[in-house]
Amino acid sequence: MMDSTIDLNDITCSSDPLEAIEFLKGRDVVFTISKDSPFFIFIKNKYTINIISRKGDTIYFTIRSDG
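Under the UniProt record's numbering, residue 67 is the last one in the sequence shown; the count climbs by one each step, no gaps.
Printed below as a string of structure tokens:
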């Protein structure tokens, strides 16, 4: 069970979603992001992600501990 869900589309999360991921990776967190977000491509290329679900345009994922 995940402790938190962090919406990377929400500007109050961080002005830079990659910075938020760096700060929270290794923790029990689910991230959400729009499939159309330009950051999503960077995230997929930089980290090993585990997509949990897709709801409309929103993707729910975790960062794998090995990535």
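C-beta atoms are modelled at their ideal positions from N, C-alpha and C, and glycine is treated no differently. The model shown is predicted, which means the values in this text are computed figures rather than measured ones.
Residues near I49 by beta carbon distance below 8 Å, same chain, minus five either side
Result list for I49: I43, F61, T62, I63, R64, G67, in chain order.
Pairwise C-alpha distance: V30 and R54:
12 Å
Any beta carbon from chain C within less than 7 Å of A20's own beta carbon?
Included in the structure is just one protein chain, with no chain C present.
Closest to L24 by CA distance: which of I52, T5, D36, F39 is it?
T5
Where M1 falls: helix, strand or coil (DSSP):
Bear in mind that the predicted position of M1 carries a pLDDT of just 47, short of 50, making it unreliable; the figure below should be weighed with that in mind. Coil.
Do K35 and I59 come within 7 Å of each other at the CB atom, strictly closer than that value?
yes
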